[in-house]
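Read through the structure below, which is laid out as structure tokens, and then see the notes.
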Amino acid sequence: MQQNAVELCTILVRDTYGELSSRVVAILLEYGRSALHTIVRRVKIPEKIVKQTLVVLIQQHLVLHYTHDDGGRDTTYYQCNWLQIYELLHSGRIVRTIEERFGTDAASIVSNFLLLGHAKVSDFIAAYGISTKAKPNGTLPNESTISASEATGTAPITSAVQISKHIVTLMQEKFLIPVQLHHMHPTIDTENAIRQKVTNEQTGITAAMQTKMKKAIDEKVAERMESLSTELDNRNFGLKRKSDQQEGRPRKRTKISSAQGSEEEEWEIDGTIVLRVNNAKFLAIFRNEELVRWVESRIGKVTSIVYAELLRHMENKTTDHRTENGLVEVGKKPVVSTLDVGNTLSKDIDLVNSIASGLPVTNGGSHKRHMVNGGSDHFDEAEDSEGDSDDYDLDADVEEADTGVNGKHELSSAAQEKKEQLQNIRKHLALLAEDSNRFVTKHDGSMQYGGWTVDTERLCKLLRTRELEQIIEERFGGIATRLVRIIKDRGKMDEKGLADTALLRQKDIRAHLGALHERGFIHIQEVPKTAERLPARTFYFFYFDEKMSKMAMLNDFYKSMSRIMQRIDHEREVNTMLLSKAERTDVKGHEEELLTKKELADLAKWKRAEEKLVGQLMRIDRQVMMFRDW
Amino acid sequence: MAFRGGRGGGFRGGRGGSSNGGPLMPREFDVKPDFGPTEQFPDYTIPFQDPLTPTERIHIARFRDHREKIHSGPLYTVLGKRKGLENPFEDVVTYSAKKYHRQKRKVPKLDSRPYVLEFFPVELWETMDSSYAPGTDRSVVINGKREKKRLLISSLNTALPNGGLHNGDQSDGSDDDEEKEKKSVLAKLMSHKDEDDDGLSDGNAEAEEDDEAEDEGEEEDDYQDDEDGDYNAEQYFDDGDGDVDYGDDDGGGGGAWYD
């Protein structure tokens with residue numbers, strides 16, 4: 002963990018949970034894993050208060066803990082989970098994402114889970130003012146929810162049924178995940194505990210044999226670690242099937258995606274389960290949003306909408322796990338069919354007029370065949386959909402899906418419309434596949450209208466490269482970018498070779514190379530020709546190490562983020578008087594009567610300034626995610 | 075570093091020019107390092123921020139709102155200034171400050187919600203739930219206590235920062251920006267007001283008052299805990315505040331402070 006990241010995390014915690022928490026976090030980050038008494042000694046705060054603070058931090062998952070059971074004397078160690086601290090920045094975006102997808106009620110649930118850290122479902126539902134058993138006085142405490150949402154003009158959550166329905170949906174889509182004990186422990190401790198257990202199971206093994214068994218044990222440990230997380234990947238983990246008698250009649254949930262039979266069953270939550278917000282899921286969503294934005298700037302608005310829809314299907318089918326190396330998709334790549342996209346895509350989108358018809362499309366068709374190793378009959382039909390013979394085939398497709406009856410030319414207008422829509426969607430997807438970045442890849446299979454996969458890993462790599470080059474361009478200019486690209490392409494190069502390849506004089510590139518090296522974007526390897534290691538008799542090879550430049554850049558990002566937060570603090574300091582007046586309980590809501598004109602103007606100015614600074618923070622956050630998480 | 079790169083390059087160039095062989099002469103460096111003092115504030119083109127998009131503004135509004143909620147919640151703490159470091163003019167506890175300002179919490183308030191104790195190390199259980207203090211019978215007390223505790227649920231503020239319009243259809247001109255901003259600020263503050271009011275009027279009122287009372291008690295405790303100096307300046311001022319009623323003065327003349 003880098004020093005600047007430590008600073009940023011400390012500031013973030015101070016900004017969110019106050020000074021006490023930030024001091025404990027600072028100590029934990031600075032000294033690493035510590036026991037309670039060590040923390041107390043270092044932070045110089047009474048033990049009672051440190052304990053209270055630790056409770057807060059653990060509740061919010063910002064601190065992990067593990068109790069070692071060594072010889073009857075238990076020692077608990079605390080460790081900071083700094084990536085979770087960083088997630089504090091995403092709260093706004095998380096709430097907004099849910100709001101856009103599931104409406105305000107679900108967003109309010111997620112927002113509350115964020116506030117609470119984790120919570121037992123039964124407690125949570127009860128806290129909304131309604132017990133699961135529907136007490137008569139259930140609605141009363143809920144008033145605050147009602148009137149507050151009335152103020153902003155949204156429908157309130159009125160019943161426990163509604164809440165649990167929202168929670169079930171959120172759980173199935175993995176926005177909320179059950180917390181288990183091992184989530185509260187550092188991974189390494191969990192692994193050690195499992196290893197201990199596995200080793201103990203191999204009874205009667207001498208020390209000599211143990212070394213032999215090491216490999217087998219390692220495998221077993223890895224397997225068990227895996228099983229810890231795969232359990233959570235099950236779509237309906239923590240849910241139980243609802244019996245039909247309860248509801249009177251089984252209602253069918255209108256669920257999109259996935260052809261599993263279980264979709265039509267009702268699920269309800271196990272009240273004893275503890276839930277929290279799944280940050281990895283949101284990281285995946287943010288990544289997809291970024292990809293969509295890229296497509297929009299490269300191809301066009303409508304295509305990006307189609308792409309967004311495709312990615313949304315994709316994200317329902319995969320679970321991403323957060324690891325040291327960013328998000329890792331679990332399992333095999335999911336395939337999304339054009340039909341899936343068509344089923345959920347809004348009908349209002351004008352798919353037809355957004356692609357230039359005629360020449361580009363047919364051109365694309367022939368071009369396409371190189372890209373996606375042929376064999377895609379469906380594809381070619383889509384490209385020139387005017388022909389009658391093509392209609393014939395496509396009709397058959399639709400028929401197969403809908404009824405399975407042979408009635409080729411008796412399509413209703415709705416089916417016709419649907420068919421056209423699908424063809425158009427396919428055109429857009431083809432456009433994406435043809436792009437040199439290959440935003441989608443055609444899946445070879447017998448899927449109707451074709452299936453598609455997205456190689457997010459590769460795309461993110463491209464995204465990173467693009468961003469990196471942009472940053473270098475901005476900072477060091479075009480020549481430096483050119484040099485970096487050459488070095489990346491050719492591997493290790495000395496200055497002469499570099500100058501030759503770049504078609505520039507050595508004199509001209511030297512300054513650029515120096516600047517790039519200084520900022521950690523390129524690195525030098527020295528290869529002496531003689532044993533004396535004279536500088537004059539040494540080769541200096543420049544090379545590009547993605548990991549190292551990534552670190553250098555992340556460090557810069559963290560630093561500028563801390564500076565922005567500090568700037569906000571400073572601005573707040575400058576305006577203390579005004580802000581404390583505006584926050585007075587009697588002034589709140591009556592600003593216009595009680596504040597002077599100047600104060601109102603100043604208040605607005607402060608709000609705007611903070612907004613701009615926070616906005617910049619979010620923009621850097623985007624880059625941090627790009628380089629660290631995706 | 076740049077310097078070293080240059081040196082290597084100098085040599086390479088040399089070999090390219092002259093033919094092989096010959097004892098290697100130290101060549102002149104073609105990069106002349108400048109060791110003189112650099113300008114303190116060199117010219118620098120300040121980058122300008124692109125205007126925030128409507129989506130970004132919504133994200134920011136939600137972020138601020140969320141932070142605000144945490145700040146008004148039980149977990150946010152503000153450490154007071156150290157004894158003797160207060161500003162004698164501004165940090166005096168006044169009547170209006172006591173009455174109208176949000177109470178600052180010095181320690182997080184933990185006993186307001188139920189916990190999942192298994193997720194916490196045993197040594198913290200006592201802190202979270204006083205019934206875990208050594209020597210108490212656990213199971214009975216917990217069951218008695220659990221009923222009372224509720225998670226603190228707050229409603230979501232869904233006001234949009236740009237005057238309620240979802241998309242960026244309207245121009246983000248700077249002139250009406252201010253107007254919008256003002257509106258949104260007010261809207262935001264208004265909604266907070268609502269929440270406050272409801273908090274008092276709803277069925278939970280008693281419970282909350284209880285909490286409030288506990289809270290105050292707790293804070294007093296802390297004063298005793300942390301600052302057991304002989305001379306308690308704050309206490310002194312507090313008492314003075316009680317005797318002489320500054321309240322009216324401050325309430326009336328408060329405006330002058332902020333101008």
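From first to last, the protein sequence lines stand for chains A and B. Okay, so the first sequence: first residue is 2 according to this note's numbering, each after it adds one. Okay, so the second sequence: first residue is 75 according to this note's numbering, each after it adds one. Backbone N, C-alpha and C fix where the C-beta goes; we use that ideal spot for every residue, glycine too.
Using CA atoms only, rank isn't needed, just tell me which of 573/A, 6/A, 55/A is closest to residue 609/A. By one-based count along the first sequence, residue 609/A stands at place 608. For residue 609/A, the nearest C-alpha among the options comes from 573/A.
Just the Cα atoms here: how many angstroms apart are residue 584/A and residue 173/B? As a working mapping, residue 584/A is identified with position 583 in the first sequence. As a working mapping, residue 173/B is identified with position 99 in the second sequence. In this structure, the alpha-carbon of residue 584/A lies about 12 Å from that of residue 173/B.
Under 7 Å between beta-carbons, which chain B residues line up against residue 420/A? List them in chain order, please. Start at 1 with the first residue of the first sequence, and residue 420/A comes out as number 419. Simply none; closest approach about 31 Å.
Between which two residues does the alpha helix (DSSP H) containing residue 492/A stretch? Counting from 1 along the first sequence, the entry for residue 492/A is found at position 491. First-last for residue 492/A: undefined, no H or E at that position.
Kindly indicate if chain A contains any beta-carbon less than 8 Å away from that of residue 157/B. In the second sequence, residue 157/B corresponds to position 83, counting from 1. It does not; no Cβ of chain A falls within 8 Å.
Please go through the same chain and pick out, in chain order, the residues whose beta-carbon is closer than 8 Å to the beta-carbon of residue 488/A, but skip the five residues on each side of it. As a first step, residue 488/A must be located in the first sequence, where it is residue number 487. Excluding sequence neighbours, residue 488/A sits near 494, 499, 523, 543, 544, 545.
Using a beta-carbon distance cut-off of less than 8 Å, what residues from the region 29 to 59 of chain A approach chain B? 37, 47, 49, 50, 52, 53, 54, 55, 56, 57, 59
Proximity below 8 Å, CB of residue 463/A to CB of residue 438/A: The sequence position of residue 463/A within the first sequence is 462, counting from 1. The sequence position of residue 438/A within the first sequence is 437, counting from 1. Contact: yes.
Of the residues that make up the region 164 to 182 of chain A, which ones have a beta carbon closer than 8 Å to any beta carbon in chain B? 180, 182
Do residue 164/A and residue 110/A have their C-beta atoms closer together than 8 Å? Position 163 of the first sequence, counted from the first residue, corresponds to residue 164/A. Position 109 of the first sequence, counted from the first residue, corresponds to residue 110/A. Yes, Cβ-Cβ distance for residue 164/A and residue 110/A is below 8 Å.
Smallest Cα separation from residue 107/A: which of 37/A, 486/A, 85/A, 172/A? On the first sequence, position 106 is the one that residue 107/A refers to. Of the candidates 37/A, 486/A, 85/A, 172/A, the one whose C-alpha sits nearest the C-alpha of residue 107/A is 172/A.
So residue 187/A packs on residue 67/A, CB below 8 Å; how close in whole Å? The residue you call residue 187/A lines up with position 186 of the first sequence. The residue you call residue 67/A lines up with position 66 of the first sequence. Indeed they touch by this definition, with Cβ atoms about 6 Å apart.
Name, please, each residue of chain A whose Cβ falls closer than 9 Å to the Cβ of residue 167/B. Locating residue 167/B in the second sequence gives position 93, where the first residue counts as 1. The premise fails here: residue 167/B is roughly 13 Å from chain A at the closest Cβ pair, so nothing lies under 9 Å.
Does the beta carbon of residue 185/A come closer than 8 Å to any beta carbon on chain B? The residue given as residue 185/A occupies position 184 in the first sequence. Answer yes: the Cβ-Cβ gap between residue 185/A and chain B drops below 8 Å somewhere.
Are the C-beta atoms of residue 625/A and some chain B residue less than 8 Å apart? As a position in the first sequence, residue 625/A is number 624, starting the count at 1. Residue 625/A does not count as touching chain B.
Helix, strand or coil at residue 149/B according to DSSP, with G and I counted as helix: As a working mapping, residue 149/B is identified with position 75 in the second sequence. It is coil, neither helix nor strand.
Residue 649/A (DSSP reduced to helix, strand or coil): For residue 649/A there is no data in the structure shown, the boundaries of chain A being 2 and 631.
For residue 455/A, which of 466/A, 472/A, 436/A, 128/A has the nearest alpha-carbon? Walking along the first sequence from the start, residue 455/A turns up at place 454. Of the candidates 466/A, 472/A, 436/A, 128/A, the one whose C-alpha sits nearest the C-alpha of residue 455/A is 436/A.
My output table needs one value for residue 19/A: the three-state DSSP class, helix, strand or coil. Working through the first sequence from its first residue, we reach residue 19/A at position 18. Here residue 19/A sits in strand by DSSP.
CB residue 473/A to CB residue 561/A, shorter than 8 Å? Within the first sequence, the letter at position 472 stands for residue 473/A. Within the first sequence, the letter at position 560 stands for residue 561/A. No, the pair does not count as a contact, with Cβ atoms beyond the cut-off.
Measuring alpha carbon to alpha carbon, tell me which of 204/B, 195/B, 227/B, 228/B ends up nearest residue 56/A. Numbered from its first residue, the first sequence carries residue 56/A at position 55. Out of 204/B, 195/B, 227/B, 228/B, 195/B has the C-alpha closest to the C-alpha of residue 56/A.
Can you give the Cα-Cα distance for residue 146/B and residue 174/A, rounded to whole angstroms? Sequence index remark: in the second sequence, residue 146/B carries index 72 (1-based). Sequence index remark: in the first sequence, residue 174/A carries index 173 (1-based). Near 31 Å, if we compare the C-alpha coordinates of residue 174/A and residue 146/B.
Examine chain A for any beta-carbon lying closer than 8 Å to the beta-carbon of residue 134/B, and answer yes or no. Mapped onto the second sequence, residue 134/B falls at position 60. Yes, its Cβ sits closer than 8 Å to a Cβ of chain A.
Hey, is the region 167 to 186 of chain B in contact with the region 85 to 103 of chain A, meaning 3+ C-beta pairs nearer than 8 Å? Too few Cβ pairs lie closer than 8 Å, so no.
Is the Cβ of residue 247/B closer than 8 Å to any Cβ of chain A? One-based indexing of the second sequence puts residue 247/B at position 173. Its pLDDT being 38, under 50, residue 247/B is placed unreliably in this model, and the coordinates cannot settle the point.
So, are the CB atoms of residue 77/A and residue 128/A less than 8 Å apart? Your numbering for residue 77/A matches position 76 in the first sequence. Your numbering for residue 128/A matches position 127 in the first sequence. With respect to residue 128/A, residue 77/A sits apart: the two C-beta atoms are not nearer than 8 Å.
Output yes or no for whether 8 Å exceeds the beta carbon distance between residue 423/A and residue 339/A. Here residue 423/A refers to the residue found at position 422 of the first sequence. Here residue 339/A refers to the residue found at position 338 of the first sequence. Yes, they are a contact pair.
Using only the alpha-carbon positions, how far apart do residue 341/A and residue 181/A sit? Translated into the one-based positions of the first sequence, residue 341/A becomes position 340. Translated into the one-based positions of the first sequence, residue 181/A becomes position 180. Straight-line Cα distance between these residues: approximately 34 Å.
I want to verify the contact list: residues of chain A whose CB lies under 8 Å from the CB of residue 147/B, in sequence order. As a working note, residue 147/B is residue 73 in the second sequence. In chain order: 116.
With a cut-off of 8 Å, does the C-beta of residue 129/A fall near any C-beta of chain B? What you label residue 129/A is simply residue 128 of the first sequence in a count that begins at 1. Output row for residue 129/A: interface = yes.
Determine the direct distance from the alpha carbon of residue 335/A to that of residue 318/A, and round the result to whole angstroms. Along the first sequence, one-based indexing puts residue 318/A at 317. Along the first sequence, one-based indexing puts residue 335/A at 334. CA-to-CA, the gap between residue 318/A and residue 335/A works out to about 6 Å.
I'd like to know if residue 118/B contacts chain A, where contact means its C-beta is closer than 8 Å to some C-beta of that chain. Against the second sequence, residue 118/B aligns to sequence position 44. No - not a single Cβ of chain A is within 8 Å of the one on residue 118/B.
How is residue 183/B classed by DSSP in three states: helix, strand or coil? The count along the second sequence starts at 1 and reaches residue 183/B at position 109. If DSSP states are grouped into helix, strand and coil, residue 183/B belongs with coil.
Report the partner residues of residue 427/A according to the DSSP bridge assignment. By 1-based counting over the first sequence, the position of residue 427/A is 426. The partner list for residue 427/A (beta bridge, DSSP) is empty, contrary to what the question assumes.
Listing by chain order, which chain A residues have their CB less than 9 Å from the CB of residue 106/B? Here residue 106/B is taken as the residue at index 32 of the second sequence, counted from 1. Chain-order list of chain A residues neighbouring residue 106/B: empty, with the shortest C-beta distance near 12 Å, by a criterion of under 9 Å.
If I measure Cβ to Cβ from residue 191/A and keep anything under 6 Å in the same chain, skipping five residues before and after, which residues do I get? Locating residue 191/A in the first sequence gives position 190, where the first residue counts as 1. Correct list, in chain order: 183.
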